[in-house]
Structures are given as C-alpha cells and as structure tokens.
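Number of protein chains: 2
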Amino acid sequence: MMEKYKFFDLPEFSTVKDILENERKNYVITLFGLCKILYAGRASSIATYSSRLITFKPDGSVLVHSNKKLKPVNWQPSSSEVKVELGDELKIYVERKRPKEVLEILMPIVYYLSLSKVDEGEFHLFGSESEMVEEVVKNPELISRDFIPLEREYQTPFGKIDLLGVTSTGYLVLEFKRAQAGLEAVSQLKRYVDYLSWKGEKVRGGIVAPSISKSALKLLKKYELEYFQLSPRLLSTIRLK
Amino acid sequence: MMEKYKFFDLPEFSTVKDILENERKNYVITLFGLCKILYAGRASSIATYSSRLITFKPDGSVLVHSNKKLKPVNWQPSSSEVKVELGDELKIYVERKRPKEVLEILMPIVYYLSLSKVDEGEFHLFGSESEMVEEVVKNPELISRDFIPLEREYQTPFGKIDLLGVTSTGYLVLEFKRAQAGLEAVSQLKRYVDYLSWKGEKVRGGIVAPSISKSALKLLKKYELEYFQLSPRLLSTIRLK
DNA sequence: CGTGCCAGGTGCCGT
DNA sequence: ACGGCACTTGGCACG
Numbered sequence: 001m002m003e004k005y006k007f008f009d010l011p012e013f014s015t016v017k018d019i020l021e022n023e024r025k026n027y028v029i030t031l032f033g034l035c036k037i038l039y040a041g042r043a044s045s046i047a048t049y050s051s052r053l054i055t056f057k058p059d060g061s062v063l064v065h066s067n068k069k070l071k072p073v074n075w076q077p078s079s080s081e082v083k084v085e086l087g088d089e090l091k092i093y094v095e096r097k098r099p100k101e102v103l104e105i106l107m108p109i110v111y112y113l114s115l116s117k118v119d120e121g122e123f124h125l126f127g128s129e130s131e132m133v134e135e136v137v138k139n140p141e142l143i144s145r146d147f148i149p150l151e152r153e154y155q156t157p158f159g160k161i162d163l164l165g166v167t168s169t170g171y172l173v174l175e176f177k178r179a180q181a182g183l184e185a186v187s188q189l190k191r192y193v194d195y196l197s198w199k200g201e202k203v204r205g206g207i208v209a210p211s212i213s214k215s216a217l218k219l220l221k222k223y224e225l226e227y228f229q230l231s232p233r234l235l236s237t238i239r240l241k
Numbered sequence: 001m002m003e004k005y006k007f008f009d010l011p012e013f014s015t016v017k018d019i020l021e022n023e024r025k026n027y028v029i030t031l032f033g034l035c036k037i038l039y040a041g042r043a044s045s046i047a048t049y050s051s052r053l054i055t056f057k058p059d060g061s062v063l064v065h066s067n068k069k070l071k072p073v074n075w076q077p078s079s080s081e082v083k084v085e086l087g088d089e090l091k092i093y094v095e096r097k098r099p100k101e102v103l104e105i106l107m108p109i110v111y112y113l114s115l116s117k118v119d120e121g122e123f124h125l126f127g128s129e130s131e132m133v134e135e136v137v138k139n140p141e142l143i144s145r146d147f148i149p150l151e152r153e154y155q156t157p158f159g160k161i162d163l164l165g166v167t168s169t170g171y172l173v174l175e176f177k178r179a180q181a182g183l184e185a186v187s188q189l190k191r192y193v194d195y196l197s198w199k200g201e202k203v204r205g206g207i208v209a210p211s212i213s214k215s216a217l218k219l220l221k222k223y224e225l226e227y228f229q230l231s232p233r234l235l236s237t238i239r240l241k
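Encoded structure:
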C-alpha cells in the first residue's frame with residue numbers, strides 16, 4: 001500500500017536520485033535546497049545559487065520557485081524527461097523534446113525532499129468568454145432588436161469570429177472579451193471585418209465586453225466599429241462579502 | 001537564529017493557524033492536505049475536495065497545485081491577506097483588495113506543513129524581444145541598406161512602436177516577435193501603420209521575427225506590409241546537446 | 001502537428 | 001492606479 005506522503009530530512013544524493021527516478025510518476029516530489037539553474041531552449045537563462053523550492057509532478061511538469069510572485073523562476077512543461085547524475089553536486093536534467101528544451105538543476109545540498117500523493121479533483125469555472133457568447137445566442141436582443149446570430153466560431157482564413165450574425169443592414173461580426181477590451185481586441189475585430197469586406201460583404205463589427213479602454217474606443221470609432229456593453233455572469237452562489 | 005526549514009507531521013489546526021499568521025512573512029509555507037476551494041473575483045470557481053499542495057509565499061502570493069500541469073488550479077497574486085479560522089475544518093481566507101478577490105480554502109485534514117527559507121537569487125534571461133531590437137539598432141543593415149533607426153518604443157495613441165525608422169521611401173515601422181509571428185502580430189503592426197497614415201505620413205511596415213505563419217504572411221501581403229527574418233540570439237555558452 | 005486565441009492569464013514598465 | 005504589451009506565455013480546440 002502506497003503511503004499518502006513521506007518526508008526525507010537532509011537526504012543523500014543517492015536517495016534523491018532513487019526517488020526522482022522511481023517515484024516520479026506516483027507522487028508530487030518537492031525538493032528544498034541550494035540550486036543553480038541553467039535553461040536552454042526557446043530562450044536561455046541562468047539563475048545563480050540560491051535556496052529554492054523545486055516541484056516535480058507525475059506528468060513531467062517541473063517548477064522552480066523563488067520566494068516571490070506566482071510564476072516560477074524556471075520551469076518545464078508536462079511530458080518532460082528527468083535524468084539525475086551523482087557527483088560533488090546533484091545534477092538534475094529535465095528535457096523536453098518538442099520544442100527541444102533543457103533545464104539543468106545543480107544542487108550542492110538538498111535540505112529536504114517530500115513525497116505527496118496529490119490528486120486531480122474536480123474543478124468548475126464560471127464567467128468565461130464562451131458563457132458570454134452563449135448568453136447572447138440565447139438573448140440576441142442584448143445586442144439589438146434585429147440581431148440574428150448565425151454561427152459561433154465562424155472560421156475565416158484570418159482567425160475565427162466569436163459570433164457572426166445578421167441585422168437589417170447586413171452581417172454583424174462580434175468579438176467578445178470577458179474583461180475590459182483594449183487595443184488588441186479592436187485590431188482583432190478589424191481583421192475579421194476587413195476579411196468579410198474584401199469578400200464584398202456588407203458588414204459591421206462590434207466589441208462585446210464589460211468595458212473598453214479610452215484609446216480602444218477611439219480606435220474603434222476611427223474604424224467605424226461598435227461597442228456593446230455586457231459583463232460575464234459569475235456564479236450566483238459565490239459572492240463577495 | 002531562524003532555522004532554514006522545518007517540517008510538521010499531521011499538525012493541529014491551531015499550529016497551522018499560528019504558523020500562517022506569524023511566519024508567513026519569513027518562510028515559504030507549504031501545506032499538503034485535503035481541501036475544497038472556492039474562488040470569487042474576476043471569475044468564480046469551485047474545486048471539490050481533493051488532496052492538493054498549497055504554497056504561501058512571503059509576498060502574499062498563494063498557489064494551489066494539483067498533480068498535473070504547470071498552472072495552479074487556484075491562486076492569489078502577491079499582496080494578498082491571509083486569515084485563518086478554526087473549526088471542524090480549517091478555513092483559510094486569502095483576500096486581495098484590487099481587484100477584490102477572495103480565495104476560500106477548506107481543509108478537513110492537513111497531512112503536513114513545511115517551512116522553507118527560500119531566497120530570491122539572481123536571474124538572467126537571454127533571447128528576449130528587446131535584445132532583437134538592440135541588435136537591429138546596432139546593425140540597421142539587417143533590415144536594409146538604407147534603414148536608419150529613429151526611436152525605440154515610439155509612442156502613438158494606439159500603442160507603442162517597437163522601432164520606428166526611415167528609409168529612402170519614408171518611415172518604416174517595425175514590429176518584433178521573439179517567436180513565430182502570427183495573425184496578431186500583423187494586426188498590431190497594421191494598427192501602427194494606419195495611425196501614421198492617418199497623420200498623412202508616407203509609411204511602410206514590417207514584421208521582424210524568426211518565422212511567420214502562413215496565414216499571417218497572407219494577411220501581411222493583403223495589407224502590403226513586409227517580413228524580415230531575424231532570430232533572437234541565445235546565450236552562446238548555453239547550448240543544446 | 002500547426003495555428004489561432006482565451007486566460008481569474010502574470011509581470012513589467014510607462015504615463 | 002490605468003493601460004499597453006511581452007511572455008521559455010500555458011493550455012485547449014480544431015483544421
């Protein structure tokens with residue numbers, strides 16, 4: 001019977017190697033120790049010797065955390081291979097095939113190692129962009145009296161339109177944003193509208209978002225596009241105090 | 001003298017509360033246990049009871065990890081406040097002021113708690129977009145014989161231009177990408193070129209990137225923009241085998 | 001597998 | 001603080 005968790009105080013390098021090689025698929029493994037880290041792949045980086053927390057997940061993901069922020073200092077996405085070499089320092093290589101990337105972790109000392117039987121669990125998120133689209137499809141009058149939705153995720157050679165519909169004046173392209181729309185949202189919408197125009201269609205375009213930045217609104221008007229205010233619906237049972 | 005690390009096997013709720021309240025600024029604290037998680041803020045979510053790893057950093061960031069992927073299931077960015085309530089379950093509230101967001105962690109059991117004195121360390125990254133711009137500024141002939149760089153990060157009302165320069169035919173707007181350029185890059189460039197055109201300037205635009213997607217290239221040509229192939233330089237001492 | 005794009009994106013730097 | 005934008009973006013869905 002596999003244990004739920006285990007802790008090794010000042011483990012020998014050989015113990016760390018053994019565990020990383022044989023238990024990596026069964027447990028989330030956390031190392032705390034001094035480490036220097038070299039990364040080479042899409043970019044390259046050096047993190048000088050410092051004490052950090054390193055986490056290995058069963059799917060091959062690796063995270064190296066400092067004492068600040070959410071993002072790891074270095075990392076390797078899932079389906080990475082782990083190799084360990086013994087020596088004066090413990091050397092851990094984490095390699096990814098495509099794109100080819102290598103993470104090299106050098107550890108003169110490992111203060112502790114822990115094994116944790118972590119589960120996946122169920123997870124539900126509310127308030128996504130696609131939920132906004134659904135709401136408009138169900139209640140097209142949120143956009144205008146004469147709006148008729150035609151197709152979600154309408155494919156063009158230059159990206160897909162969140163929601164394509166028609167009004168009395170022709171096609172209406174809608175681009176949804178769950179948070180405030182910025183310049184990028186306007187440029188994206190413009191790209192889709194341009195495409196339909198090139199095809200000779202009569203077409204309008206609109207951003208659907210809870211808010212829009214001032215410069216985005218200015219650009220929107222320059223391009224003769226429109227803005228429709230709509231917020232994502234959060235789960236009613238979860239409320240801020 | 002503060003210890004480098006510490007481990008608590010099956011800690012009492014009161015111990016967890018005490019440590020979270022008094023040592024949070026000094027150590028990275030890791031909890032392993034069963035937990036259910038409610039999140040409400042920009043969106044809302046529910047993660048049902050499951051064993052997960054929870055990390056509290058001194059700056060207030062909190063990460064809840066499952067056994068898969070790089071990204072935490074739930075999280076809270078730095079400068080969040082932590083409150084702990086005792087009861088049948090341990091209740092941990094992590095609150096953020098702006099935007100107002102709450103993370104509620106319910107734990108019927110904590111298998112272990114660990115304290116780790118994690119440091120920040122030095123970090124250097126090579127191969128960023130700004131390094132590509134620097135290279136072109138130093139060697140403008142990488143673009144063309146007659147290209148003269150004028151200004152980096154040139155501000156327009158519709159975003160900033162990575163590098164603005166002139167050639168014998170007028171202005172040249174350059175948009176850099178460290179990885180393959182896609183449709184978004186082209187739309188972004190078009191936005192800047194449009195702006196200078198509206199101002200009545202004679203202007204060309206180009207993407208500078210190691211590669212460009214097929215559809216992006218097609219769009220680029222539709223818009224009469226250009227593509228210049230250039231890769232970011234990685235650190236020479238770090239090489240893939 | 002390439003390509004597009006959303007994300008509770010995060011983080012950084014500017015006004 | 002607001003806003004624009006890069007990021008080893010990560011992650012997913014779809015051709």
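Residue numbers (UniProt numbering), protein chains in the order written: chain A, 1 to 241; chain B, 1 to 241.
Ideal Cβ positions, reconstructed from N, Cα and C, are used throughout, including at glycine.
The structure displayed is predicted, hence computed values, not measured ones.
Relative to B/H124, the option among A/L31, A/L106, A/N74 whose CA is nearest is A/N74. With its beta carbon at least 7 Å from every one in chain A, B/Y227 lies outside the interface.
Relative to the Cα of A/S45, the nearest Cα in the group B/F228, B/I109, B/S128 belongs to B/S128.
If you draw a straight line from the Cα of A/A179 to the Cα of A/E226, it is about 17 Å long. Of the residues assessed, B/T30 falls on the buried side of the cut-off, its CB having 16 or more other CB atoms within 10 angstroms. In terms of beta-carbon proximity, B/V28 lines the interface with chain A, with at least one pair separated by less than 7 Å. Relative to the Cα of B/I161, the nearest Cα in the group B/K138, B/T169, B/D194, B/D59 belongs to B/D194. From the beta-carbon of A/I46, the residues of chain B found nearer than 7 Å are H124. Not a single C-beta of chain A is nearer than 7 Å to the C-beta of B/A181.
Interface flag for B/G127 against chain A is set, since a Cβ pair is found closer than 7 Å.
For B/A185, the three-state secondary structure derived from DSSP is helix. Taking each of B/Q229, B/N22, B/C35, B/E12 in turn and checking the Cα distance to B/E141, the smallest one comes out for B/Q229. Taking a beta-carbon distance threshold of 7 Å, B/F8 does not count as an interface residue toward chain A.
For A/E201, the closest C-alpha among the options A/K222, A/G170, A/A185, A/P72 is that of A/G170. Burial state of A/R24 is buried, judged by a 10 Å Cβ sphere holding 16 or more other Cβ atoms.
DSSP places B/R98 outside both helix and strand once states are collapsed to three, so it counts as coil. If you draw a 10 Å sphere on the C-beta of B/I148, you find fewer than 16 other C-beta atoms in it, and that means exposed. Considered as a whole, the UniProt domain "Endonuclease NucS C-terminal" (128-232) of chain A harbours 129-138, 183-198, 214-222 as its complete alpha helix (DSSP H) runs of no fewer than 4 residues, in chain order. Judged by DSSP in its simplified three-state form, A/E104 adopts strand. For A/I19, no pairing in a beta bridge is given by DSSP. Classified as buried, B/G60 has 16 or more neighbouring CB atoms from the shown chains inside 10 Å of its CB.
Your pair A/K68 and B/S78 checks out as a contact, with CB atoms roughly 7 Å apart and the cut at 8 Å.
About 7 Å separates the CB atoms of B/Y223 and B/V186; that is less than 8 Å, so the two are in contact.
Residues of the stretch 9-43 of chain A whose Cβ lies closer than 8 Å to any Cβ of chain B, in chain order: D9, V28, T30, F32, L38, Y39, A40, G41, R42, A43. The secondary-structure analysis by DSSP pairs A/F7 across a beta bridge with A/S114. Taking B/L164 as the centre and dropping the five residues before and after it, the same chain places the C-beta of L150, E151, Y154, Y171, V173 closer than 7 Å to its C-beta, in chain order. Under the 8 Å Cβ criterion, the stretch 88-95 of chain B counts as touching the stretch 103-110 of chain B, having at least three qualifying pairs.
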